[in-house]
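*Asks:*
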Amino acid sequence: TGSSDSFMLACRKKCPVTKLTIESEDAMKILLTQDVENLGRAGEIKRVPDGYARNFLIPKGMAVLATEGAIKQAKLQSKVGAKRQRRAEEEAGSLAEVLSRVTLTFKVKAGEKDTLYGSITSGDIVEALERETGHAFDKRKVQLTGPIRELGVHRVPIKLMTDVTPEITVVVEREE
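The sequence shown: position 55 = 55 (UniProt numbering), numbered continuously.
So this is what it looks like as structure tokens:
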């Protein structure tokens with residue numbers, strides 16, 4: 001059995017766990033508060049080993065004990081969350097239509113080879129975008145790979161939601 005034990009230990013380290021739910025008496029019933037890989041999605045009720053629940057899922061805020069109150073609260077939150085998600089998607093879609101027609105023009109000092117003496121950053125774009133549209137934006141949503149340092153027309157994606165990323169046009173012209 002010595003070699004058998006070492007084989008099982010080696011297999012546990014190398015083999016991926018594909019199913020973490022169990023049906024024994026040593027299982028704890030939990031409610032997932034967020035998606036957990038190889039276990040389930042937020043809002044689902046699962047039976048998992050006590051140690052996995054107590055030492056990992058619950059301390060990390062990924063799950064709570066599946067009490068009646070927690071289950072009722074999760075059902076209520078999922079209904080409200082679905083409505084809120086649909087509303088946010090509709091708003092993002094209409095804002096995306098507006099943004100796709102936006103053109104921001106920056107007049108800056110530039111050298112002879114059309115390179116800027118400064119640069120245009122995501123913060124500059126957000127300020128101009130807020131003035132233009134009246135909406136507030138987070139500069140982290142501006143998907144620039146780096147600051148704009150050249151004259152010309154640039155397409156800049158703005159990530160509103162996971163699947164909603166319109167592109168605005170940024171025109172950089174030489175200041176006369």
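Each residue gets a CB set at the ideal place from its N, CA and C atoms; glycine is no exception. From a predicted model like this one, the values you see are computed outputs, not experimental measurements.
Taking all protein chains shown into account, decide if A136 is buried (16 or more other Cβ within 10 angstroms of its Cβ) or exposed.
*Replies:* Under this definition A136 is an exposed residue.
*Asks:* Identify whether L65 lies in helix, strand or coil by the three-state DSSP scheme.
*Replies:* Residue state, collapsed to three classes: strand.
*Asks:* Distance check for V170 and H154, CA to CA, integer angstroms please.
*Replies:* When rounded, the distance between both Cα atoms is 5 Å.
*Asks:* For V126, report the span of its alpha helix (DSSP H) as first-last.
*Replies:* Counting along the chain, the alpha helix (DSSP H) containing V126 begins and ends at S122 to T133.
*Asks:* Pair every Cβ in the segment 54-61 with every Cβ in the segment 26-35, then say whether three or more of these pairs are closer than 8 Å.
*Replies:* Judged by Cβ distances under 8 Å, the segment 54-61 makes contact with the segment 26-35, as three or more pairs qualify.
*Asks:* Determine the extent of the beta strand (DSSP E) in which F56 is found, giving its start and end residues.
*Replies:* Here F56 belongs to no beta strand (DSSP E), and DSSP marks it neither H nor E.
*Asks:* Taking 8 Å as the threshold (C-beta atoms), are M161 and A88 in contact?
*Replies:* It is a contact, given that the beta carbons lie within the stated cut-off.
*Asks:* Helix or strand or just coil, what does DSSP make of V164?
*Replies:* V164: coil per DSSP, three-state reduction.
*Asks:* Look up I148 in the DSSP assignment and give the residues it is bridged to.
*Replies:* Per DSSP, I120.
*Asks:* Quick test of your reading: L116 and R149, contact by CB under 8 Å. State the CB separation rounded to the nearest angstrom.
*Replies:* Yes, they are in contact, since the Cβ atoms of L116 and R149 sit about 5 Å apart, within 8 Å.
*Asks:* Within a Cβ cutoff of 7 Å, which residues of the same chain sit near K46, ignoring the five residues on either side of it in sequence?
*Replies:* Here the set comprises T21, I30, L32, L39 and G40.
*Asks:* With distance defined between alpha-carbon atoms, name the residue in T121, K75, A92 and Q143 nearest to V172.
*Replies:* Checking every option, the nearest Cα to that of V172 belongs to T121.
*Asks:* Give the DSSP-derived three-state secondary structure of E44 in the structure shown.
*Replies:* E44: coil per DSSP, three-state reduction.
*Asks:* How about L129 and I71: are their beta carbons less than 8 Å apart?
*Replies:* Against a cut-off of 8 Å, the Cβ pair of I71 and L129 comes out as no contact.
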